[in-house]
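For the sequence shown, the numbering used here begins at 1398 and goes up steadily by one. No residue lacks a Cβ here, since even glycine has one placed at the ideal position from N, Cα and C. These notes concern the structure reproduced below.
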Amino acid sequence: MAILIKGGTVVLTSMIAPFDVLIDEGLIVATGFDMDPSDHDVVYDARGLLVMPGFVDMHTHFDLPVGDFRSSDDFDNGSAAALAGGTTTFVDYISPSREQDPLDAIQEWFEKGKTSRTDFSFHLTLTDASERSLLAMEKAVALGIRGFKVFQAYPDRLMMSSREIERVMAKAASLGATIFVHSEEGELIERLRQGEHKAGNRAPIYHSLTRPSSSEGRAAREILELVHRTRCTTVIVHISASEVLEVLCDAARLGLPLYGETCPQYLWLNSRFLEAPWPQAAGYVCSPPLRTLPHLDRLWDALLSGVVQFVSTDHCPFTPAQRTAAGMDFTKIPNGLPGVEFRFPLMHTGAIEGRRFGLTRLVQLLSTNPAKICGLYPKKGTLMPGADADLVIWDPEGVTSLNDSDQISRCGYSPYEGMMVQGSMLAVFSRGQLVFDGENVACEPGRGEFVPRRAVSQKLLKTLRLEDYPWAFCR
Ligand code: URP
Ligand code: ZN
Ligand code: ZN
């Protein structure tokens, strides 16, 4: 069935144009001026609307086990929430425990993926640099899983030493895979946490006070050194601290393949939210923690300048009951915030309403760049002919509520409660199928397909950096 999306304003990576978009057999066939509507089965009137490539969220945690809990959105519900937010492809982290064989975890996550309503891919979290892990990396790459996460934080569960991380990076480089790093100094943070705990300080604000921004910066600098030695393509994920941006500037100056991801929570929310009374404050605990306002300003500027290349959600929702189940103690709160549904409304408001940057940059940050680094481009992240017909249609005249009562996520609260933003998601297409009609998710669990990731060339990676702007930001 051929579908013509007619009369919209099409936002591409490098331009905005009054194009029509022709879809057939689930693929983009052409974009161009004034196509004849009579030849096509369905014509979608997009006059006055924005048409963008479907968004790619390269950082989700659906159905993630953490201690006694699981994140509250599984692949079925989480993918429905993603679609309502215009995300047509997500990349979830396969997260084995230290005891678990990574290959078993891969199997487990493929099972979970069978209920997804939209297309998805995977990264694999590594908990050590053993022979078993290095072998699992080879097997993962053969299955199309070309991203691996390592932690400098969480000494009890996930942390690796620099020597171990270097080993894993060297292996990833040899496999043409990418490393994604959680940069915070685990041992220092553990000492600070124990100190506050002993002193009887249990309030959520201590979560932030025991995870200083300088520690995020130092951990990232250590990674820069390892990238220098291994030349492994690497992304510092969920950046919250301006100190990390200095490290990314140095990477750009040195021409090293180190890139950065941040999330809407680090752009919209600040550490004052952790000063609220229980249980509200517990709803703002994530790692790295929310920071003070100057960090937020610097992060917005880094998006404009190209020093940070990706905005993902790190969607890792826990309900208020889960957050307080182990008592009123900041060390016992499962970490993570929801976000998969509200990424575009928040980023559109901050960028466009906030007059910080334009729609093409927004599409790069939310769709094209994540598709590129994850080896999903040009199948995803673009409206070029031959790409999957994943499209988002946004009504600039609509209004979107970010309240819990209006979200699909089973998180049970919204960190953005009370916010109404300009614009609304009117339609979302995935492989040519209308999957969200502005009110309801119009597709069944299980229609989503796993998308294997290709190796990413250095030539493609170069396009992640903007040519002129970083030098204005990186003094
Ligand atoms: O607090 C967070 N970010 N939870 C999710 C797991 C992670 O570290 O990404
Ligand atoms: Zn992390
Ligand atoms: Zn995460």
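{"Asked": "Given Q1549 as reference, the closest of R1543, L1532, G1614 once Cα atoms are compared", "Found": "G1614"}
{"Asked": "CA-to-CA distance, C1840 to I1790, given in whole angstroms", "Found": "17 Å"}
{"Asked": "Span of the beta strand (DSSP E) around L1823", "Found": "1817-1827"}
{"Asked": "Check: H1579 C-beta below 6 Å from any heavy atom of ligand 2", "Found": "yes"}
{"Asked": "Selection from H1579, I1491, V1418, L1532 that minimises the alpha carbon distance to Y1551", "Found": "H1579"}
{"Asked": "Three-state secondary structure assigned by DSSP to F1707", "Found": "strand"}
{"Asked": "Heavy atom of ligand 1 within 6 Å of C1840 beta-carbon", "Found": "no"}
{"Asked": "Minimum length 4: unbroken alpha helix (DSSP H) runs contained in the region 1771-1852", "Found": "none"}
{"Asked": "A1723 beta carbon less than 7 Å from that of P1601", "Found": "no"}
{"Asked": "The beta strand (DSSP E) enclosing M1455, as first and last residue numbers", "Found": "1452-1457"}
{"Asked": "Cβ-Cβ distance between N1667 and L1642 below 7 Å", "Found": "no"}
{"Asked": "CA nearest to the CA of E1505, picked from E1836, L1461, Q1677", "Found": "L1461"}
{"Asked": "Residue environment, A1481, which counts as buried when at least 16 other CB atoms sit within 10 Å", "Found": "buried"}
{"Asked": "Segment limits, alpha helix (DSSP H) that includes F1472", "Found": "1472-1481"}
{"Asked": "Local Cβ density within 10 Å of F1368, reported as buried at 16 or more and exposed below that", "Found": "Nothing in the structure corresponds to residue 1368, since the chain is present only between 1398 and 1872."}
{"Asked": "Environment of Q1591 [buried if 16+ CB atoms lie within 10 Å]", "Found": "exposed"}
{"Asked": "First and last residue of the uninterrupted alpha helix (DSSP H) at H1437", "Found": "No alpha helix (DSSP H) holds H1437; DSSP gives it neither H nor E."}
{"Asked": "Beta-bridge partners of F1517, as assigned by DSSP", "Found": "F1487, F1847"}
{"Asked": "Alpha-carbon to alpha-carbon, A1570 and G1544", "Found": "11 Å"}
{"Asked": "Exposure label - E1581; buried when at least 16 CB within 10 Å", "Found": "buried"}
{"Asked": "Supposed close pair V1873, C1660 - CB separation, criterion 8 Å", "Found": "Lying outside 1398 to 1872, the shown extent of the chain, residue 1873 is not represented and no answer is given."}
{"Asked": "Cβ pair S1476, T1524 closer than 7 Å", "Found": "no"}
{"Asked": "Cβ-based burial, E1658 [other Cβ within 10 Å; buried from 16]", "Found": "buried"}
{"Asked": "L1607 and L1585 closer than 7 Å at C-beta", "Found": "Per the sequence shown, the amino acid found at residue 1607 is Thr instead of Leu. Going by C-beta atoms, T1607 is not nearer than 7 Å to L1585."}
{"Asked": "Opening and closing residue of the beta strand (DSSP E) in which T1721 lies", "Found": "Where T1721 is concerned, there is no enclosing beta strand (DSSP E), although the alpha helix (DSSP H) it sits in stretches over 1717-1721."}
{"Asked": "Of the listed residues Y1663, P1450, N1598, K1403, nearest to D1433 (C-alpha basis)", "Found": "K1403"}
{"Asked": "Environment of S1489 [buried if 16+ CB atoms lie within 10 Å]", "Found": "A small correction: the amino acid at residue 1489 is Asp; Ser does not occupy that position in the sequence shown. Buried."}
{"Asked": "Top-ranked residue by Cα proximity to S1559, from A1786, R1628, K1777, E1622", "Found": "E1622"}
{"Asked": "Nonlocal neighbours in the same chain, by C-beta distance under 6 Å from I1420, ignoring five residues either side", "Found": "I1400, A1786, G1829"}
{"Asked": "Inter-residue Cα distance where the pair is F1737 and D1647", "Found": "The sequence given here places Val at residue 1737; Phe does not occur at that position. C-alpha separation (whole angstroms): 31 Å."}
{"Asked": "Close Cβ partners of A1768 (< 6 Å) along its chain, the five nearest in sequence each way excluded", "Found": "V1453, Y1774, K1777, G1778"}
{"Asked": "contact_flag[the region 1518-1533, the region 1846-1856] where n(CB pairs < 8 Å) is 3 or more", "Found": "yes"}
{"Asked": "Chain-order list of residues whose beta-carbon lies under 6 Å from that of G1809 (same chain, five-residue window excluded)", "Found": "T1716, P1717"}
{"Asked": "Buried versus exposed call for D1470 [16 or more other C-beta atoms within 10 Å across all chains shown]", "Found": "buried"}
{"Asked": "Residue interval of the beta strand (DSSP E) (run including F1577)", "Found": "1575-1579"}
{"Asked": "Stretch-stretch touch, CB-based, cutoff 8 Å, three pairs: the region 1804-1821 with the region 1490-1497", "Found": "no"}
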